[in-house]
Amino acid sequence: MLIPVLLSGGVGSRLWPVSREAYPKQFLALASELSMLQDTMARTSDLESAPPLVICNDEHRFMVAEQLRQLSVDPAAIILEPEGRNTAPAVALAAFQAVATDPDALLLVLPADHVIRNPESFTQAVKQGLSKAASGALMTFGVVPDAAETGYGYLRLGERDGDGLFALDSFVEKPDAETAKQYLESGQYHWNSGMFLLSASVYLDELKTHAPDIHSACERAMANAIADLDFLRPDKEAFLGCPSDSIDYAVMERTQRGGVIPLDCGWSDVGAWSTLWQVSERDGDGNVLLGDVMIEGCSDSYLRSESRLIAATGIKNLIVVETPDAILVADRDEVQNVKQIVNRLKAEGRSEASLHQRVYRPWGSYESLIEGDRFQVKRIVVNPGQTLSLQMHHHRAEHWIVVHGTAEVTCEDRVFTLVEDQSTYIPLGHKHRLANPGKIPVELIEVQSGSYLGEDDIVRFEDVYGRSS
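Following my numbering, the numbering of the sequence shown begins with 85 at its first residue and continues without gaps.
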């Protein structure tokens, strides 16, 4: 049984301001009409595979579930990491879950934030490596390089077999420009894709040999895992005792079972705006234009508008990205420094580092429209059939005005319905709940007033999403 394992733990800070900690790049439609997570899932559709295992964190669990639901995919499990511990433990959690149902399971380990422009070639590469993986080889995918790239790690290829696969000689860190040129010319090196095809049981055996602390911590965590709605929660205390390490360092660099599947499929890890420019369709002047953009005399640039008109003239080799609350302007050759901007935002405690103006929740979304002294105006959207927690606030009152759909409102002992153009008042300290019993989204305007308007002024009494106090 082949099981896709989707690793959805990244934060994508180099693609700020579109990608942010609370809604990172794997959930965004950056290279197609589907999100990157959905694209990753979709490219396994031509393989004879079982339902996927997905590894993500607690904050992203409902986004993962919803995006898979949109594809009509029912995952075998969505495993919630108590805290990020890199890829070796993440794959171990999936491996323990897989062998519990099939001791012979093969894992196709895929980061959920990569772009592959030729999925047919990817499918053929997976099929090419299946028999090797089934016989106990730990196979990684080596991308055939087409440039002397300094932003990727490399795999040094060993002996080639009759099926066109290679033994894994060694991993090589990101090189400087001259070394990368030598790698390209030698033909003995492929880019390290971070994707793997391996036996779950063999991986666990090798992990136990080469990184026993990781193996034992993950084994305990999964032995004491608990089901929570549609999610699986490994034991937190056991998992937090797990060392943080990549699968490369923990296993692949030490094992004698490593192999390489050559992959030539238009792959990119989309690690920066410059790489997204490279994989996107460009006009005759080398520009990528997305959203409401108007240019004159521009070349080799990436301009993306999320909410407003971008007008540019005479620019070259630039990245310009606009969102409702932030604008990034960068030289295309300097975009790796975007991460430093994000670090500075975090150090200053600014919300733009992690939150968009629109914040997604299991029930829908909200966005702040106006904020002033002792008041705030928000736009709230509740998806069909969804309900917020029964809650109260110590420091604020709320006015709700329904502008679209039908809302069911609970306020203390009253339960009543509001339709378009109707409103209600939720006094400070009153227990209340908002629900959407209908088949279309409910949209309302919420006016908050009080001495403190922070999101942490919420006391939850009941919650269908498991967030009760």
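Backbone N, C-alpha and C define an ideal beta-carbon position, used for all residues, glycine too.
Is residue i helix, strand or coil when you go by DSSP?
i    : result
W357 : helix
R240 : strand
V256 : strand
Y333 : helix
K523 : coil
N427 : helix
I345 : strand
S533 : strand
P173 : helix
S97  : helix
H474 : The identity of residue 474 in the sequence shown is Leu, whereas the question assumes His. Strand.
N141 : strand
S300 : helix
A437 : helix
D312 : strand
A179 : helix
Pick from the options: whose alpha carbon is nearest that of residue i?
i    : options                : result
A334 : L214, S205, E482, A172 : A172
G538 : Q181, G375, A149, H477 : H477
A217 : P195, L249, G235, D353 : L249
E321 : C140, E150, E167       : E167
R153 : S254, W351, P135, R341 : P135
K400 : L387, L393, C382, D297 : C382
L429 : G93, R104, L91, S92    : R104
V377 : A356, W357, I403       : I403
L474 : R127, E496, G368, N427 : E496
E243 : P259, V228, Q272       : Q272
G93  : L131, L118, N141, T124 : N141
Q151 : E117, E290, D245       : E117
S507 : I485, G513, E290       : I485
P446 : V138, M147, S119       : M147
E290 : E337, L412, V138, A196 : E337
Output the boundary residues of the beta strand (DSSP E) element that contains residue i.
i    : result
M223 : 222-227
E262 : Where E262 is concerned, there is no enclosing beta strand (DSSP E), although the alpha helix (DSSP H) it sits in stretches over 261-270.
A232 : Note, A232: premise wrong, no beta strand (DSSP E); not H, not E.
K462 : 459-466
F111 : Here F111 belongs to no beta strand (DSSP E), and DSSP marks it neither H nor E.
V543 : 543-546
L131 : Counting along the chain, L131 falls outside any beta strand (DSSP E), and DSSP gives it neither H nor E.
G213 : From DSSP, G213 is part of no beta strand (DSSP E) but of the alpha helix (DSSP H) over 203-218.
T339 : Taken as a continuous stretch (DSSP letters only), T339 belongs to no beta strand (DSSP E), as it is neither H nor E.
Q506 : That residue, Q506, is in no beta strand (DSSP E); it is neither H nor E in DSSP.
A414 : 410-415
Please report the residue range of the alpha helix (DSSP H) in which residue i lies.
i    : result
Q154 : 145-154
H514 : Premise fails: H514 is in no alpha helix (DSSP H) and is neither H nor E.
N276 : Where N276 is concerned, there is no enclosing alpha helix (DSSP H), although the beta strand (DSSP E) it sits in stretches over 273-283.
E482 : Note, E482: premise wrong, no alpha helix (DSSP H); beta strand (DSSP E) at 480-488.
L316 : Looking at the DSSP string, L316 is not in any alpha helix (DSSP H); the run it does join, the beta strand (DSSP E), is 315-317.
D186 : Note, D186: premise wrong, no alpha helix (DSSP H); not H, not E.
E638 : Residue numbering for the chain in the displayed model covers 85 to 553; residue 638 lies beyond these limits and cannot be assessed.
M125 : 120-126
Looking only at its own chain, which residues have a Cβ that is under 7 angstroms from the Cβ of residue i, when we skip the five neighbours before and after it?
i    : result
F500 : V493
L453 : V461, K462, R463
S564 : Beyond the ends of the chain as shown, which are 85 and 553, falls residue 564; an answer cannot be given.
N170 : S328, D329, S330
A221 : R341, G343
S285 : V183, P187
G355 : R98, G235
D541 : H477, H478, H479, R480
Q420 : R98, A356
G375 : R388, S389, E390
Near residue i, which residues of its chain fall below 8 angstroms by C-beta distance, leaving aside the five closest residues on each side in sequence?
i    : result
A232 : A261, A264, K265, Y267, L268
P318 : I163, L164, E165, P166, L177, C302, A305, M306, N308, A309
N371 : I379, C382, S383, D384, S385, Y386, L387
A106 : E143, S438, L439, H440, V443, Y444
Using 8 angstroms for Cβ pairs, my map puts residue i next to residue j. What's the rounded Cβ distance?
i    : j    : result
N276 : L241 : With 8 angstroms as the limit, N276 and L241 do not qualify as a contact, their Cβ atoms being about 12 angstroms apart.
Q110 : L155 : Not quite, the Cβ-Cβ distance comes to about 14 angstroms (not below 8 angstroms), so this is no contact.
V465 : E527 : 5 angstroms
P108 : V405 : So it is not a contact: roughly 15 angstroms between Cβ atoms.
G469 : I524 : That pair is no contact at about 11 angstroms.
G237 : V256 : 6 angstroms
W357 : A410 : That pair is no contact at about 14 angstroms.
T128 : L190 : Their Cβ separation, rounded to whole angstroms, is 12 angstroms, which puts T128 and L190 out of contact at 8 angstroms.
L518 : A491 : 6 angstroms
I529 : V487 : 6 angstroms
Near residue i, which residues of its chain fall below 6 angstroms by C-beta distance, leaving aside the five closest residues on each side in sequence?
i    : result
G213 : M223, L281, I345
F315 : R145, I162, L164
K292 : H299
S352 : V199, T359, V363
S133 : L86, P88
A209 : I345, L347
H483 : Y509, V531
P511 : A481
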